[in-house]
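Undergrad: Those sequence lines, one after another, are chains F and E.
Heads up: the first sequence runs through residues 1 to 111, numbered per the UniProt record's numbering.
Heads up: the second sequence runs through residues 1 to 111, numbered per the UniProt record's numbering.
Protein chains: 2
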Amino acid sequence: MYLNEFDATMKHIQGKWKIMIMYELYERKVVRFNELQRYIASISPKTLTNQLKEMEKDGLIKRVVYPVVPPHVEYSLTPKGDSLIPVLNVICNWGLSVIPSDQLQRTLCDE
Amino acid sequence: MYLNEFDATMKHIQGKWKIMIMYELYERKVVRFNELQRYIASISPKTLTNQLKEMEKDGLIKRVVYPVVPPHVEYSLTPKGDSLIPVLNVICNWGLSVIPSDQLQRTLCDE
DNA sequence: CTGAATCCCCTCTGATACTG
DNA sequence: CAGTATCAGAGGGGATTCAG
Numbered sequence: 001m002y003l004n005e006f007d008a009t010m011k012h013i014q015g016k017w018k019i020m021i022m023y024e025l026y027e028r029k030v031v032r033f034n035e036l037q038r039y040i041a042s043i044s045p046k047t048l049t050n051q052l053k054e055m056e057k058d059g060l061i062k063r064v065v066y067p068v069v070p071p072h073v074e075y076s077l078t079p080k081g082d083s084l085i086p087v088l089n090v091i092c093n094w095g096l097s098v099i100p101s102d103q104l105q106r107t108l109c110d111e
Numbered sequence: 001m002y003l004n005e006f007d008a009t010m011k012h013i014q015g016k017w018k019i020m021i022m023y024e025l026y027e028r029k030v031v032r033f034n035e036l037q038r039y040i041a042s043i044s045p046k047t048l049t050n051q052l053k054e055m056e057k058d059g060l061i062k063r064v065v066y067p068v069v070p071p072h073v074e075y076s077l078t079p080k081g082d083s084l085i086p087v088l089n090v091i092c093n094w095g096l097s098v099i100p101s102d103q104l105q106r107t108l109c110d111e
C-alpha cells in the first residue's frame, strides 16, 4: 500500500475539532477541559474527550492531572504537536488562495 | 466561525481516495476511468465516481468526454489541482518524520 | 467503457443526563 | 471540574447489479 506518510499525517489531523483544539493550545499554551469546551462553543463533552484522547495517544498533546478536588486537568501541545503547526499553516494558506476574498471572515493563517 | 481556510483545503483532500487519484493524475497526466479503477485496486466504481465528481466540482480535475462508442473519458489535473501538489508534499513529509523508519514501505514524498 | 442504482454497514458526531 | 453512559442520526464507503 502506498501513501503511508500522507495517511500518517492525516490521521493526526482528522477529526472535526482537532485543528481548533491545536489552535487553542497553540495560542493559550495551557488550557483546561472546561475552557476548551467554552472556546469551542458547539462541541459536546463526549466528542471533546474523544478528540483529546486520540491526540494524546498520537503524542500531539500532553495531559497533566492535578490530584485535587475539584479536579484540575491541563492540556498543552507537545513538541510533536508544535511541529505540526507549520504544516497547518501551509494547508491554511492554500485554502486562503482558493476562497473568494469576500467570503473571508477571519484568517488564522500566519498568526 | 474560524478556520475557514483550513476547512476549505481539507474539503478538497478529504475522501479516502482523493490523494491517490491526485497522485495518479500527477504521475500519468491523463488517465481514463477504467485505468484509475485498476491502479487503485480496491476502489468501487461508485466511490470512484463520487470522488471524481467532487474533485471536478472543486476544480481540482478536468473531465473530458469523447463522444464515441464505447465511451471514452479522460481525467487530468487542473492548474488548481497542480497547485495542491506542494501542499500534499508538505503533509507527506511531516508524516515521514513521524513514522518509524522500519515501517516505511515506499515513499511518495518529493517524487 | 463509464458509470448509475441499490442496499448495507460502520464510524463519527451530537444531545442529554449522570458521576466521582 | 472533568469527564462517562446512553441513545440516536447522518454520511462515507463497500459490494453488487444494471444500463447507455
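Glycine included, C-beta positions come from ideal geometry on N, C-alpha and C.
The structure presented is a predicted model; accordingly, all values stated were derived computationally and were not measured.
List in chain order: all unbroken beta strand (DSSP E) runs of 3+ residues lying wholly within the region 57–90 of chain F.
TA: 61–66 and 72–77
Undergrad: Leaving out the 5 sequence neighbours to the left and right, which residues in its chain are closer than 7 Å to residue 45 (chain E) when beta-carbon positions are compared?
TA: 37
Undergrad: Pick helix, strand or coil for residue 41 (chain E), following the three-state DSSP scheme.
TA: coil
Undergrad: Any C-beta of chain F sitting closer than 8 Å to the C-beta of residue 87 (chain E)?
TA: yes
Undergrad: Mind checking the region 32–44 of chain F against chain E and listing, in chain order, the residues whose C-beta falls within less than 8 Å of any C-beta there?
TA: none
Undergrad: Can you name the residues of chain F whose CB is closer than 9 Å to the CB of residue 77 (chain E)?
TA: Here the premise fails: no neighbours, minimum Cβ distance about 15 Å.
Undergrad: I'd like to know whether the C-beta of residue 5 (chain E) is nearer than 8 Å to at least one C-beta of chain F.
TA: Residue-level contact by beta carbon holds for residue 5 (chain E) and chain F, with a gap shorter than 8 Å.
Undergrad: Apart from the five residues just before and just after residue 51 (chain F), which ones in its own chain have a Cβ nearer than 7 Å to its Cβ?
TA: 15, 17, 18 and 21
Undergrad: How many whole angstroms separate the CB atoms of residue 5 (chain E) and residue 99 (chain F), which I take to be in contact at a CB cut-off of 8 Å?
TA: 6 Å
Undergrad: Could you list the residues in the region 12–27 of chain F with a C-beta less than 9 Å from some C-beta on chain E, going in chain order?
TA: 12, 13, 14, 19, 20 and 23
Undergrad: Check whether the region 76–95 of chain E touches the region 72–91 of chain F, counting contact only when three or more Cβ pairs, one atom from each stretch, lie closer than 8 Å.
TA: yes
Undergrad: Assign residue 98 (chain F) to one of three DSSP states: helix, strand, or coil.
TA: helix
Undergrad: Could you check the C-alpha separation between residue 62 (chain E) and residue 64 (chain F) for me, to the nearest Å?
TA: 50 Å
Undergrad: Flag this pair as yes or no: are the beta carbons of residue 31 (chain F) and residue 66 (chain F) separated by less than 8 Å?
TA: no
Undergrad: State the start and end residues of the unbroken alpha helix (DSSP H) segment that holds residue 25 (chain F).
TA: 18–28
Undergrad: Between residue 26 (chain E) and residue 60 (chain E), is the Cβ-Cβ spacing less than 8 Å?
TA: no
Undergrad: With 8 Å as the threshold, decide whether the Cβ of residue 47 (chain F) is near any Cβ in chain E.
TA: no
Undergrad: Is it true that the CB of residue 82 (chain E) sits closer than 8 Å to the CB of residue 12 (chain E)?
TA: no
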